[in-house]
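Chemist: Submitted below is the structure of interest, expressed as C-alpha cells.
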Amino acid sequence: MLRGLCYSVISAVCFGMIAVLAKLGYDLGLDAPTMLQQRFVFGALLLLAWLGLRRPGLLRPTPRLLAKAALLGSIYFVQSSLFFLALERLPASTTALVFYLYPVAVTLLAVPLLGQRLDRCTVAALALVMGGCGLVFQDAFSKGLSGPGLMLALGAMAVFSGYLLLVQFLLRGEEPLRATFYVILFTALGFTLWNGPQGLLEAEPRRLGLGLVLGLVPTALAISLLYAAIERVGSAWTSIFSTFEPVATLTAAHLLLAEDVALVQLGGAALIVAGIVLPNARLLRVRRSAAAS
Numbered sequence: 001m002l003r004g005l006c007y008s009v010i011s012a013v014c015f016g017m018i019a020v021l022a023k024l025g026y027d028l029g030l031d032a033p034t035m036l037q038q039r040f041v042f043g044a045l046l047l048l049a050w051l052g053l054r055r056p057g058l059l060r061p062t063p064r065l066l067a068k069a070a071l072l073g074s075i076y077f078v079q080s081s082l083f084f085l086a087l088e089r090l091p092a093s094t095t096a097l098v099f100y101l102y103p104v105a106v107t108l109l110a111v112p113l114l115g116q117r118l119d120r121c122t123v124a125a126l127a128l129v130m131g132g133c134g135l136v137f138q139d140a141f142s143k144g145l146s147g148p149g150l151m152l153a154l155g156a157m158a159v160f161s162g163y164l165l166l167v168q169f170l171l172r173g174e175e176p177l178r179a180t181f182y183v184i185l186f187t188a189l190g191f192t193l194w195n196g197p198q199g200l201l202e203a204e205p206r207r208l209g210l211g212l213v214l215g216l217v218p219t220a221l222a223i224s225l226l227y228a229a230i231e232r233v234g235s236a237w238t239s240i241f242s243t244f245e246p247v248a249t250l251t252a253a254h255l256l257l258a259e260d261v262a263l264v265q266l267g268g269a270a271l272i273v274a275g276i277v278l279p280n281a282r283l284l285r286v287r288r289s290a291a292a293s
C-alpha cells in the first residue's frame with residue numbers, strides 16, 4: 001500500500017499543475033480545445049517514445065484493451081473538456097473546490113458497486129480531506145459563481161468519479177502503462193477531430209513549450225502513476241490519497257502566479273496531509289502488530 005500511496009501523491013502533484021498551466025495558457029492566448037489537444041497529443045507522443053525505447057512489447061495491444069481504452073478515452077475527453085471550460089468561467093480555486101468533491105463521490109459509490117468497506121478510518125480520512133479542501137479554497141466562497149461554470153465543474157467532478165471506478169473495473173489485470181498509452185492516444189484522437197490540425201501547427205515557442213509541459217507533467221506522468229496506484233490500492237483509496245492535489249495547486253499558484261497564501265489555506269493543506277497520512281499510519285500499525293504476533 002505504501003507504494004500505491006507514493007504513486008497517488010506524485011500523480012496528484014502532477015495533476016495539481018493543470019489549473020495553473022491552463023491559466024498560463026489562457027494568458028498566452030491559447031484556448032481550451034488547443035491546450036487539450038496539445039496536452040494529449042504530446043502526452044501520447046512522449047509515452048510512445050519512452051515505450052519504444054524501453055518497453056516496446058507494451059505497444060502491442062489486444063483488441064479487448066483497445067475497446068476498453070476507446071471507452072475510457074471518450075470519458076476522459078468529456079471530463080477534461082468540462083474542467084477546462086469551467087476554468088474559463090470560474091476562478092481556478094472555485095473550479096478546484098467543486099472538482100475535489102470527487103473523493104467523497106468515489107468512495108460512496110465504491111461501497112455498493114465494488115464492495116468497498118466504509119469503516120471509521122475511511123470516514124475520518126474523508127472528513128479531514130474535505131475539511132482541508134474547504135479551507136484551502138475558502139476564498140472561493142466569497143466570489144460570485146457563474147451558473148454555467150458551476151455546472152461544468154460539477155459535471156467534471158461527476159464524470160471523473162465514474163471514470164475512476166471504471167478504470168478499476170475495466171483495467172483489472174491489464175498492464176497499467178500499456179493501458180495509459182492507449183487511453184491517452186484515444187483521447188488525443190478525440191481532441192484532434194474536435195479541434196482540427198491547427199493546434200499542432202502552432203509555431204509560437206512559448207505556446208508549444210506549454211503544450212509539451214501539459215503533455216508531460218499532468219498527462220503522461222500523472223495518468224501513468226494514477227493507473228499504477230489504482231492497480232495497487234483501488235480507486236477509493238487512490239481518490240483519498242490524490243487529494244494532495246489542491247496542496248500542489250496552492251503551492252504552484254503561489255510560486256508561478258504570485259498568488260498570496262493565507263494562513264487558513266495553510267491550515268487546510270495540513271488537514272489534507274493528515275487525511276492522507278491517517279489510513280497509511282493505521283495500515284503500518286496493523287502490519288507491525290501482525291509481525292509482532
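Heads up: the sequence shown is residues 1 to 293, going by our numbering. We put the CB at the ideal spot given by N, CA and C, even for glycine. Computed from a predicted structure; not experimentally measured.
Could you give the uninterrupted runs of the alpha helix (DSSP H) lying entirely in the region 177-236, keeping only those of 4 residues or more?
Modeler: Runs found: 205-215, 222-233.
Chemist: Quick one: what does DSSP say residue 262 is sitting in, helix, strand or coil?
Modeler: Position 262 of the sequence shown, counted from the start, is the residue given in the question as residue 262. Residue 262 falls in the coil class under three-state DSSP.
Chemist: Indicate whether at least one CB of chain B lies closer than 7 Å to the CB of residue 100.
Modeler: Here there is only one protein chain, and chain B is not present.
Chemist: Select from 273, 200, 237, 231 the residue whose C-alpha is nearest the C-alpha of residue 247.
Modeler: To locate residue 247, count along the sequence shown from 1; it is residue 247. Looking at the Cα atoms, 273 is the closest of the given residues.
Chemist: Which residue marks the beginning of the alpha helix (DSSP H) containing residue 151, and which one marks its end?
Modeler: Taking the sequence shown and counting its residues from 1, the one referred to as residue 151 is at position 151. Taken as a continuous stretch (DSSP letters only), the alpha helix (DSSP H) holding residue 151 covers 147-170.
Chemist: Rounded to whole angstroms, what's the CA-CA distance from residue 61 to residue 104? Just pull it up for me.
Modeler: As a working note, residue 61 is residue 61 in the sequence shown. As a working note, residue 104 is residue 104 in the sequence shown. Distance between the alpha carbons of residue 61 and residue 104 is about 34 Å.
Chemist: Between residue 295 and residue 19, is the Cβ-Cβ spacing less than 7 Å?
Modeler: Residue 295 lies beyond the range of the chain shown here (1 to 293); nothing can be said about it.
Chemist: Reducing DSSP to helix, strand and coil, say where residue 34 ends up.
Modeler: Working through the sequence shown from its first residue, we reach residue 34 at position 34. It is helical.
Chemist: Ends of the alpha helix (DSSP H) at residue 95?
Modeler: Here residue 95 refers to the residue found at position 95 of the sequence shown. First-last of the alpha helix (DSSP H) with residue 95: 92-99.
Chemist: Which residues in the same chain have their Cβ closer than 7 Å to the Cβ of residue 161, if we skip the five residues on either side of it in sequence?
Modeler: As a working note, residue 161 is residue 161 in the sequence shown. Counting only Cβ-Cβ distances below 7 Å, and skipping sequence neighbours, we find 102, 105, 106, 109.
Chemist: Can you list, in chain order, the residues of its chain whose CB lies under 8 Å from that of residue 204, leaving out five sequence neighbours each side?
Modeler: The sequence position of residue 204 within the sequence shown is 204, counting from 1. Correct list, in chain order: 28.
Chemist: Given a cut-off of 7 Å on the beta-carbon distance, is the pair residue 149 and residue 90 in contact?
Modeler: Here residue 149 refers to the residue found at position 149 when the sequence shown is read from its first residue. Here residue 90 refers to the residue found at position 90 when the sequence shown is read from its first residue. Taking 7 Å as the Cβ cut-off, residue 149 and residue 90 qualify as a contacting pair.
Chemist: Apply the 10 Å Cβ neighbour rule to residue 198 and answer buried if 16 or more other Cβ atoms are within range, or exposed otherwise.
Modeler: Here residue 198 is taken as the residue at index 198 of the sequence shown, counted from 1. With fewer than 16 Cβ atoms within 10 Å of its Cβ, residue 198 is classed as exposed.
Chemist: Consult DSSP for residue 245 and reduce its assignment to one of helix, strand or coil.
Modeler: Locating residue 245 in the sequence shown gives position 245, where the first residue counts as 1. Helix at residue 245.
Chemist: How would you call residue 253, buried or exposed, if buried means at least 16 neighbouring beta carbons within 10 angstroms?
Modeler: The sequence position of residue 253 within the sequence shown is 253, counting from 1. It is buried - the Cβ of residue 253 has at least 16 other Cβ atoms within 10 Å.
Chemist: Could you tell me which of 34, 191, 95, 164 sits nearest to residue 237, measuring between CA atoms?
Modeler: By 1-based counting over the sequence shown, the position of residue 237 is 237. With distances taken between Cα atoms, residue 237 lies closest to 164.
Chemist: Under 8 Å: do the region 8-17 and the region 219-226 share three or more Cβ pairs, one atom per stretch?
Modeler: Counting Cβ pairs under 8 Å, three or more are found: they touch.
Chemist: Is residue 29 helix, strand or coil when you go by DSSP?
Modeler: Within the sequence shown, the letter at position 29 stands for residue 29. In the structure shown, residue 29 sits in coil (DSSP, three-state: anything other than H, G, I, E or B).
Chemist: With DSSP as the reference, label residue 279 as helix, strand or coil.
Modeler: Residue numbering aside, residue 279 sits at position 279 when the sequence shown is read from its first letter. In this structure, residue 279 counts as helix in the three-state DSSP scheme.
Chemist: Which class does residue 174 belong to by DSSP, given the choice of helix, strand or coil?
Modeler: Mapped onto the sequence shown, residue 174 falls at position 174. Three-state result, residue 174: coil.
Chemist: Which stretch, first to last residue, makes up the alpha helix (DSSP H) that contains residue 63?
Modeler: If you number the sequence shown from 1, residue 63 lands on position 63. It spans 63-89 - the alpha helix (DSSP H) in which residue 63 sits, taken as one unbroken run.
Chemist: Do residue 179 and residue 43 have their beta-carbon atoms positioned less than 7 Å apart in this structure?
Modeler: For the purposes of this step, residue 43 is identified with residue 43 of the sequence shown, where counting begins at 1. For the purposes of this step, residue 179 is identified with residue 179 of the sequence shown, where counting begins at 1. No, these two residues do not count as a Cβ contact at 7 Å.
Chemist: Going by C-alpha distance, which of 17, 5, 2, 3 is nearest residue 318?
Modeler: Residue 318 lies beyond the stretch modelled for the chain, which goes from 1 to 293, so this question has no answer here.
Chemist: Please report the distance separating the alpha-carbon of residue 82 from that of residue 88.
Modeler: On the sequence shown, residue 82 is found 82 positions in, with the first residue counted as 1. On the sequence shown, residue 88 is found 88 positions in, with the first residue counted as 1. Residue 82 and residue 88: Cα-Cα distance of roughly 10 Å.
Chemist: DSSP three-state call for residue 3: helix, strand or coil?
Modeler: Counting from 1 along the sequence shown, the entry for residue 3 is found at position 3. DSSP places residue 3 in helix when its eight states are reduced to three.
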